[in-house]
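The structure under discussion appears below in the form of structure tokens.
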Amino acid sequence: MKYRLKNLLTYCAVIGCTGLLAGPTYGGTEALLDLLKVLRDRGTISQDEFEILRNAAMADEEEAIAEQEQFKKEVAETGQASVKVKTDYKGLTVESTDGAFEFNVGGRIQADANFFDEDESDLGSGAEIRRARLKAQGTMWRIWDYKLQVDFAEGESEINDAYIRFNGLKPVSFTLGHQKVPISLQSMTSSNWQVFQERALIDGFLDNEDIGRRRLGLNVGTHGNNWTVNGGFFGEGTDDAGKSNENWGVAGRVTFAPIAEATRVVHVGGAAYYRNFEHDPELAFSNRPEAHIAGTRLVNTGVIPEADELLLLGGELSTVWGSFHAQGEYLRAEVGRENGLPEPDFDGWYFQAGYFLTGESRNYEVDKGRYNRVIPKGIVGQGGWGAWEIAFRYSTIDLEDNGFLGGEEDNFTVGLNWWATPSILFRANYIRAEPDPNSEATSLGGIDEDVNIYTLRGQIVF
Amino acid sequence: MKYRLKNLLTYCAVIGCTGLLAGPTYGGTEALLDLLKVLRDRGTISQDEFEILRNAAMADEEEAIAEQEQFKKEVAETGQASVKVKTDYKGLTVESTDGAFEFNVGGRIQADANFFDEDESDLGSGAEIRRARLKAQGTMWRIWDYKLQVDFAEGESEINDAYIRFNGLKPVSFTLGHQKVPISLQSMTSSNWQVFQERALIDGFLDNEDIGRRRLGLNVGTHGNNWTVNGGFFGEGTDDAGKSNENWGVAGRVTFAPIAEATRVVHVGGAAYYRNFEHDPELAFSNRPEAHIAGTRLVNTGVIPEADELLLLGGELSTVWGSFHAQGEYLRAEVGRENGLPEPDFDGWYFQAGYFLTGESRNYEVDKGRYNRVIPKGIVGQGGWGAWEIAFRYSTIDLEDNGFLGGEEDNFTVGLNWWATPSILFRANYIRAEPDPNSEATSLGGIDEDVNIYTLRGQIVF
Amino acid sequence: MKYRLKNLLTYCAVIGCTGLLAGPTYGGTEALLDLLKVLRDRGTISQDEFEILRNAAMADEEEAIAEQEQFKKEVAETGQASVKVKTDYKGLTVESTDGAFEFNVGGRIQADANFFDEDESDLGSGAEIRRARLKAQGTMWRIWDYKLQVDFAEGESEINDAYIRFNGLKPVSFTLGHQKVPISLQSMTSSNWQVFQERALIDGFLDNEDIGRRRLGLNVGTHGNNWTVNGGFFGEGTDDAGKSNENWGVAGRVTFAPIAEATRVVHVGGAAYYRNFEHDPELAFSNRPEAHIAGTRLVNTGVIPEADELLLLGGELSTVWGSFHAQGEYLRAEVGRENGLPEPDFDGWYFQAGYFLTGESRNYEVDKGRYNRVIPKGIVGQGGWGAWEIAFRYSTIDLEDNGFLGGEEDNFTVGLNWWATPSILFRANYIRAEPDPNSEATSLGGIDEDVNIYTLRGQIVF
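Quick look at the structure:
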């Protein structure tokens, strides 16, 4: 009985049946059989009568079981009732009982405010919807995944993810479409689960219309118990949809996690991304001071004339040790130019550390080589107080080399994160941004004074 | 048995079980127990045999009940089957059985046509998709709400609502994000449930890129049985996403409904909205003649130089008396300017009345201080003819004061609404628009002749 | 029992019950009744005892059945459990058990690459997300349908379908909103189910901002077993949302299918589309060489001055014969101009044929007079290899007439389609595009050399 129960629970958990568990039914039959035996042994009924009655009872039971099998079959065929429907902290998910099909609708809202404390310059304090996304994703016939995610925050829609993934040759997967280029731990980690409100300065090497965090291409990925390898060929982004766009790139990322436990992680990663710009050499590097509303960039190379190729090289280190976590990255951009013009190399790095006052650990996804959702021990709305995290980051970028004076910048950030629920975050950051006073970036609208920045965010991921 | 049934029905209505109701099971057992008693009393079986057989039967029954309890527990834990799924006139809604989680997907389509009958001028008759929206909204852990609604009608996406709401301190709620500024009954009432195709002329004081029906901010609201109070701090709208935007505002609205029954309502409301424009004084007031396709505005102040602040003051009165309803609003805009420049005050008001020929009443939401969906007595598709409503409106706005000659306009509107179902509306409006012939608005492309306007709308809300 | 089972299965397939099938229950009771009979006949129990016990057992059974009926009633009333939820190759669908309400969320992703092999000119090889769409559609109260579909591929959102449909007078349906104008088999057939990556050259007569595949209007349609008739009045597209737009058109399409079987189809169709351009005569005709990424158009009339009306006339022929299918269309554009200016007529046609190597047939929708989704015999992910299709197309357009030298173009295409699943397609096309060397289109950026084009697509429809 217990064994049958186990199976049935799995099955029933899905279609919400319980009749299959009608133990007493069989019980009724079994008890009846017991009685028949007794009556036979007492001679109250004859062996023949016993057998007839027993067979009748057994037949009834078999018929019932047959009906239940038949019903299970019909359900499986029609598929009508054979789905799991879930609404939880991940929007709405519907999954077919055999797991072959899944469909999810969700999204995110990030509402930000930035306050700039500057003297000579005006970075423009204010508020904005940083990200407002809707997505639909799913699985078909078990081996086909897809995802379409659109961002509406910039006042016009922008495709983030738009891809088809083939998982038919596990553990190898092939992803075709608009997707993240495999480089940089902070870039691979969703904006939802960053430790700080904005990624560190070196993200300017990627989050750049000429290079792009996401590109349209084909990525091949695989992973083991504690490592991942990804490599792909990438065209341009969707901003250029419909227009001629012959620029292309290749990128690869490798991660290794000698330790990858729930509360203990050591992560090492490296990546390279080559892009060719023959067809519109408009390459430029700059970034905001880790505050997205800033109207001015403190570092900016301006357009690098006749740049025709770029090589990005990145190294990653990260660890989780109980409630403590640390992460550092180095990113280097080597620009190639035509006609033997001088070729600048720019670079930068950051180091950050954080601690959960409430005992949680940062959530490492070993098969992706990135971090994921924080699950608070106590949830606000269920009597808990959420997860409280404090963090520090030092971040620097150097855009001065070989005659290019795009400036240098050092940022010091302290942050407080309140993960009220697995889906809801409120955070505050204080950033001390120190640009290089001798930078030529000022001539590009940059500024050369130190700035104190206060940022706030309310976020829900559904 | 009956009592157990009651519980189970509640439970089963959700997971679609029925086996829990397998009365005959117990019946089978009970009847068997009856028989055993008889056989014992007849001496056909001994007391010992009786007890053994009875215990066997009882044990079976208890095991079955235990299994069912166990299953209920598993369902509750996995949550997999424990949802209500509904598709009705509100798109798709999934709710967890404990009510802690809810997710809804829906939207609206409004297809309009405007015909202008003018002599000298050309307002440009035509058709448009007035609104085409998709939304996802929900509840998490009972006390957290969210809503993301995007409009696609203007040929590019525009965020309407994008907020997180905390309901953990009922009846007080905190709403963070892009949301309606609490002022004006016609503005707080969804465009879906307006009596006329467009809001009255004074909506031009709000539906203005410098002021905005919706703004990014934090609103605190509460309500009693017949009153509401809302107040908040508001930055700019999402149109300015990513750009510096230091303008800000504070707004508050109070409503009181001495009578708030299903078919009898008296509503009184007042609101104030202060905005500061130091950082881009581009303030201007104008509006279309209550016909959105109009290529020309009949009233228009043009930019008011050096305007640096604005105070909007509004008063609301509304009533529902059986099938009759009436509503009036006054809105006043007091402009502040720098350097002691003359400061104009503009204002306007409207009065409207309507009547349901088919006996419905306008649907007042007392806890929001606004009107909601009309529910027809008869539904087209279920043998009914929908709700038929006639309405009249007088609307006026005065944009002339203190040297500013933005014009005056008086509009007379008659409307016919056919609420075919709770989600589907077809409407026709005739508007007589009479601008002030001496207005300077003409110099801004306005016109000074009276215009006859015919408007049509087909609408579905899902 | 069997009969009851049948009913219950229908019912249960929906609410996922199975307890209703608790045969053994009744079995238990039945077997018990058998035993009682025997015991009575043996005189072990008296006729009175027999009747009491039998009635007790029967009563239990009746109570249980009553409870089940009661439960069925409650479910039907609350409607809570009474939905079918499906996730399959059509995204997510929820349907009320009575079929009166249905809601579907889905979309599509098309990721393309184009490679141009040219000598003098540069058409700009590259990649793009060709289409990325989300849609919500449904049915309310059985007779009301709606659909809202938005495309995000162009880097900003664009409304495709946004309409309400009334089906209350079957087989006549009224569709109000933004929808396809009824003309041209290849235009009426979804981009998902085209035989080639892009529609044939003559689609340039429709896919034109002045004319439009989709327009805002009212269409009336009906159909019989093997014919369809559609006609409507159409304003402008949603690109012009909010701006004056007095241009209008009327269109009608008739299709007839003397043979319309699963694997044998003969389709004949004809259509006419008149548009009036009095209010902004900017009419021009051109098209890309059946490769959407092409930065240059090989045929282009440029703006036709003072064009004030247009008549499109189209004829369609198509057949399915087992795994073979063929299709041809002719489209003619007759331009009317003001002030007796010479009025050009342009035209073009295509013929295509295809064959399924794996035995499928093209899927004809007789009630819509168009083609629909290909269902492979074997599905990749279920041990199959999908459907493999080869196809050929000759396509031509002539934009030279009456003094206008927009050029002529002949395209020869061979295509390979791999329908891996009913939702997933990978395709490759080779196109030989031969523009008219003497065309004036070159003066409009067109080119006069023959071009070899290679195109690829990955597509998922969910």
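Protein chains in written order, with the UniProt record's numbering: chain A, 1 to 462; chain B, 1 to 462; chain C, 1 to 462.
Using N, Cα and C, we set each Cβ at its ideal position, and we do this for glycine too.
Can you list, in chain order, the residues of its chain with a C-beta nearer than 6 Å to that of residue i? Leave out the 5 residues immediately preceding and following it.
i, result
"Arg142(C)", "Ala100"
"Leu357(A)", "Trp388"
"Glu95(A)", "Lys84, Glu102"
"Phe233(B)", "Gly217, Leu218, Val250"
"Phe404(B)", "Thr301, Pro344"
"Gly212(B)", "Gly237"
"Glu365(B)", "Asn372"
"Ala271(C)", "Ile183, Arg253, Gly314"
From the DSSP output, read off the bridge partner residues of residue i.
i, result
"Phe412(C)", "Tyr394(C), Arg432(C)"
"Ile109(A)", "Ala132(A), Ile460(A)"
"Gly269(B)", "Thr255(B), Glu316(B)"
"Tyr454(A)", "Phe115(A), Tyr430(A)"
"Tyr146(C)", "Gly138(C), Ile164(C)"
"Arg40(C)", "Partner(s): none; Arg40(C) has no beta bridge."
Please tell me whether residue i has its Cβ less than 8 Å away from any Cβ of chain B.
i, result
"Ser191(C)", "no"
"Ser423(A)", "yes"
"Ser173(C)", "no"
"Ser157(C)", "yes"
"Thr351(A)", "For clarity, residue 351(A) is Phe in the given sequence; the question names Thr instead. Not closer than 8 Å to any Cβ of chain B, the Cβ of Phe351(A) fails to qualify, so no."
Can you tell me whether DSSP reads residue i as helix, strand or coil?
i, result
"Glu77(B)", "Model confidence at Glu77(B) stands at a pLDDT of 46, short of 50, so the residue's coordinates are unreliable and nothing is read from them."
"Glu154(B)", "coil"
"Ala294(A)", "coil"
"Arg362(C)", "coil"
"Gln179(A)", "strand"
"Val303(A)", "coil"
"Phe426(A)", "strand"
"Ser187(B)", "helix"
"Ile447(A)", "coil"
"Asn287(B)", "strand"
Throw me the rounded Cβ distance for the residue i and residue j pair, which I believe falls under 8 Å.
i, j, result
"Thr455(C)", "Asp119(C)", "At roughly 19 Å, the Cβ-Cβ gap does not stay under 8 Å, so Thr455(C) and Asp119(C) are not in contact."
"Leu298(C)", "Ala433(C)", "6 Å"
"Leu312(C)", "Tyr350(C)", "Actually they are not in contact, since the Cβ atoms of Leu312(C) and Tyr350(C) sit about 15 Å apart, beyond 8 Å."
"Gly252(C)", "Gly231(C)", "4 Å"
"Thr93(B)", "Asn104(B)", "5 Å"
"Thr296(B)", "Tyr89(B)", "Actually they do not touch by this definition, with Cβ atoms about 38 Å apart."
"Arg133(A)", "Tyr146(A)", "About 16 Å separates the two Cβ atoms, so there is no contact after all."
Short of 7 Å in beta carbon distance, which residues of its chain neighbour residue i, apart from the five on each side in sequence? Order them along the chain.
i, result
"Leu39(A)", "Ile45"
"Glu306(B)", "Pro281, Arg337, Glu338, Asn339, Leu341"
Please report whether the beta-carbon of residue i lies at a distance below 8 Å from any beta-carbon of chain A.
i, result
"Asp119(C)", "no"
"Leu318(C)", "The sequence as given places Ser at residue 318(C); Leu does not occur at that position. For Ser318(C), the answer is no, since every Cβ of chain A falls outside 8 Å of its Cβ."
"Arg214(C)", "no"
"Ile129(B)", "no"
"Tyr273(B)", "no"
"Phe462(B)", "no"
"Gly23(B)", "Unreliable placement is indicated for Gly23(B), whose pLDDT of 32 sits below 50; no coordinate value is reported for it."
"Ser125(C)", "yes"
"Glu209(B)", "no"
Starting from the C-beta of residue i, find all residues in its chain whose C-beta is less than 8 Å away, skip the five residues before and the five after it, and write them out in chain order.
i, result
"Glu408(B)", "Val299, Thr396, Ile397, Asp398, Leu399, Glu400, Pro435, Asp436, Ser439"
"Arg131(B)", "Arg108, Ile109, Gln110, Asp151, Ala153, Ser191"
Please tell me whether, using a cut-off of 7 Å, the distance from the CB of residue i to the nearest non-hydrogen atom of the ligand MG is below it.
i, result
"Arg214(B)", "Looking at this structure, you won't find the ligand MG or any other ligand, since it has none at all."
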